[in-house]
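Below: one structure, written as structure tokens.
Now the structure itself:
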């Protein structure tokens, strides 16, 4: 009984887990495959909670992985592929937000924070030197 | 009956916090030892009542009392006993009760173990803390009552999310909460200090141990959570830059900054304004973390997210308590504080830079986590901020931070000489370079970026060890006895700082050298990864306590492991109608062999995935070293 019931249960119950590639998905060209993997890490699986298409075994992720590889084989650049996906699904699909427009603050804020901190540090050091030139 | 008692104890605890908060603060103002005594007792009674209340809930879970709504929706008769127990906090209401219990435990611990602190100050801390408990107990009673009844009681419960049915995840929330909530004491200390007309540096001396305790728990909690994700999510990722993870990382980063700046403040009142602010913000970030996880405003892989109404209540708690704290802060900052000078090459300046980097990292994680909400609210549509962003931004912040880090422990207060560190650190960087050369021999395909990352990791490790060895004057007569008698804070710093290096080493191994094999296999097929050969012996079914499983066997064919078998599983939890993947991991210091069972293909072959995760175990060992460093720091009488 168990032997027959389990595969059926496994098939109908949705998995929670992540997996990555299925057999046969990988391209034979090692360089192209590496590009595909790197690119997949930056593309969000839209039906998952918070995973890239490289980590997910949802059907959509699988389709997108195939699509990315198809376009790579056809000779598209990484930027072209991302642009195509953004046209189709919106900016939400990119795990690395674009460096433009309303995302400027996101990219620049950490470095502004670092510079403010660093200048505050230098000021404190300089001031204490002024107050106590000998020491 | 016991359930009603638990509920009653909860209400009583809520009322007691009113007594605790008001009498302690009034007592402090009137300098009435009697009122203060009542306040301190109230903190202990509150703790007793909440323990009772929590026990009642645990009992309901253990007995599978499905007339309690919470038990019916989150438990199941067939669940193993340990998960019935841990299921108590595997849900919103229960975990909030655990949070409140932790809060009360810290309050009671403070009331009991702070006799060396003047009574007036104790009263202020416990008073503020009482009001903090009050807000949380109100939250539980009015929006998240765990004791609600369900009549008529169903015969069976809905069960607990199977990915939570795991030993690590049973222990994860209590550890994490012990960390988050511990910062409530730090927060109360800062407020108590500011409630005096003149701020003294004493509070920083007294608070140091409490900061350390919280930080240790938070470090362990985050480490355990990451380890759980590693083996439970099915492919060996250990950190996802997920909102829920970020929520715990923010207070950790801020707490780490606090734990450093408080040393300078405790010594001579330096950085008083900053340390006070940091103490407030660290707890604020703990609250924000809870808000993010509990309100469901952010989606995440750890989706226990809840409903927005509760989120608004938590938001209200944040706004009120942090707002009040900042108002008191603004008022207190009008007074003149003594400014103490320092030099570029000094312990103070090292601590300042530490705080610059850590504060920047904290704000980066904060901005990255909340930016999608912000952009969406402004009407620009939905964006994602994922791991590529955090990796891109945090790397240039971490590189200079880690380059400078080993200098810190060498420096003395006020003024240091370069001769103190030049020689030992030159030795350290030489050793680091040699280690990289050794790695290059083992893996000729290393590549320049990875080589530099390795250099950084070894620089952190050898640089950290250099400080105590140089202080003990290595190889000069009597160095061993000098080494043993070095001050404990130096040992603490060495272990914790080296832990960062060890962790970086683990991250490099697990990301740069990961190998992966995915095959569709029939029983009897062979596969190989790295230097290992396996034979796939097919899949058997077996029955667990509350699940059915398919169990694959993967037998090592060669090497020292020949004959050992890995059993990756796919489990179906019928009650909860969901499935999990249980990876099988062969553990050793140098690498993990990580196997997972995939789906069955149409032709009957089985997908098998095997990974090699070199050095990955160092990630959590590094975390343990940091916690251990914290523990040693805890035993030291003074900070540095």
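Protein chains in written order, with our numbering: chain X, 145 to 279; chain U, 2 to 641.
Glycine is no exception: its CB is placed at the ideal position from the N, C-alpha and C atoms.
Just so we're clear, the structure is a prediction, and the values are computed from it rather than from any experiment.
To the nearest angstrom, how far is the alpha carbon of residue i from that of residue j?
i, j, result
"residue 217 of chain X", "residue 189 of chain X", "21 Å"
"residue 398 of chain U", "residue 580 of chain U", "40 Å"
"residue 565 of chain U", "residue 533 of chain U", "12 Å"
"residue 61 of chain U", "residue 94 of chain U", "14 Å"
"residue 481 of chain U", "residue 406 of chain U", "25 Å"
"residue 273 of chain U", "residue 488 of chain U", "25 Å"
"residue 287 of chain U", "residue 167 of chain U", "25 Å"
"residue 236 of chain U", "residue 483 of chain U", "47 Å"
"residue 279 of chain U", "residue 458 of chain U", "28 Å"
"residue 24 of chain U", "residue 314 of chain U", "26 Å"
"residue 502 of chain U", "residue 404 of chain U", "11 Å"
"residue 222 of chain X", "residue 559 of chain U", "41 Å"
"residue 72 of chain U", "residue 395 of chain U", "42 Å"
"residue 264 of chain U", "residue 271 of chain U", "9 Å"
"residue 520 of chain U", "residue 606 of chain U", "9 Å"
Ignore the nearest five residues each way along the sequence and tell me which others in residue i's own chain have a CB closer than 6 Å to its CB.
i, result
"residue 303 of chain U", "Legend: pLDDT at residue 303 of chain U = 45, less than 50; position of this residue unreliable, value from coordinates given subsequently. Counting only Cβ-Cβ distances below 6 Å, and skipping sequence neighbours, we find 245."
"residue 627 of chain U", "220, 497 and 500"
"residue 204 of chain U", "190 and 194"
"residue 20 of chain U", "43"
"residue 511 of chain U", "614 and 617"
"residue 421 of chain U", "411"
Give me the Cβ distance between residue i and residue j, rounded to the nearest whole Å; I'm assuming they're in contact under 8 Å.
i, j, result
"residue 256 of chain U", "residue 215 of chain U", "6 Å"
"residue 63 of chain U", "residue 85 of chain U", "5 Å"
"residue 661 of chain U", "residue 259 of chain U", "Look at the range of chain U in this structure, 2 to 641, and you will see that residue 661 of chain U is not part of it."
"residue 570 of chain U", "residue 598 of chain U", "6 Å"
"residue 250 of chain U", "residue 366 of chain U", "6 Å"
"residue 371 of chain U", "residue 507 of chain U", "Their Cβ separation, rounded to whole angstroms, is 29 Å, which puts residue 371 of chain U and residue 507 of chain U out of contact at 8 Å."
"residue 491 of chain U", "residue 454 of chain U", "Rounded, the Cβ-Cβ distance is 27 Å, inconsistent with contact."
"residue 567 of chain U", "residue 555 of chain U", "4 Å"
"residue 238 of chain X", "residue 388 of chain U", "Not confirmed; about 12 Å, so no contact."
"residue 169 of chain U", "residue 225 of chain U", "5 Å"
So, is the C-beta of residue i closer than 9 Å to a C-beta in chain X?
i, result
"residue 594 of chain U", "no"
"residue 231 of chain U", "no"
"residue 561 of chain U", "no"
"residue 358 of chain U", "yes"
"residue 397 of chain U", "yes"
"residue 570 of chain U", "no"
Is residue i close to chain U, meaning its C-beta is less than 9 Å from at least one C-beta of that chain?
i, result
"residue 272 of chain X", "yes"
"residue 219 of chain X", "no"
"residue 237 of chain X", "yes"
"residue 229 of chain X", "no"
"residue 173 of chain X", "no"
"residue 169 of chain X", "yes"
"residue 264 of chain X", "yes"
"residue 222 of chain X", "no"
"residue 240 of chain X", "yes"
"residue 261 of chain X", "yes"
"residue 165 of chain X", "yes"
"residue 275 of chain X", "yes"
"residue 269 of chain X", "yes"
For a test of the three-state rule: what should DSSP assign to residue i, helix, strand or coil?
i, result
"residue 303 of chain U", "Bear in mind that a pLDDT of 45 at residue 303 of chain U, under 50, signals an unreliable position, so the model cannot answer this."
"residue 91 of chain X", "Missing from the structure shown is residue 91 of chain X; chain X here goes from 145 to 279 and no further."
"residue 203 of chain X", "helix"
"residue 386 of chain U", "coil"
"residue 77 of chain U", "coil"
"residue 196 of chain X", "strand"
"residue 554 of chain U", "strand"
"residue 574 of chain U", "strand"
"residue 445 of chain U", "coil"
"residue 107 of chain U", "helix"
"residue 617 of chain U", "coil"
"residue 34 of chain U", "helix"
"residue 335 of chain U", "coil"
"residue 579 of chain U", "strand"
Sorted by chain position, which residues of the same chain lie with C-beta nearer than 7 Å to residue i's C-beta, five sequence neighbours on each side aside?
i, result
"residue 310 of chain U", "144"
"residue 27 of chain U", "36"
"residue 463 of chain U", "429, 432 and 433"
"residue 546 of chain U", "79 and 81"
"residue 456 of chain U", "433, 434 and 437"
Taking only heavy atoms of the ligand COA into account, decide whether any of them is closer than 8 Å to the Cβ of residue i.
i, result
"residue 636 of chain U", "As far as ligands go, the structure on display features none, and thus does not contain the ligand COA."
- Query: What residues in the region 178–212 of chain X have a beta carbon less than 9 Å from any beta carbon of chain C?
  - Reply: Here chain C cannot be found, since the structure's protein chains are X and U.
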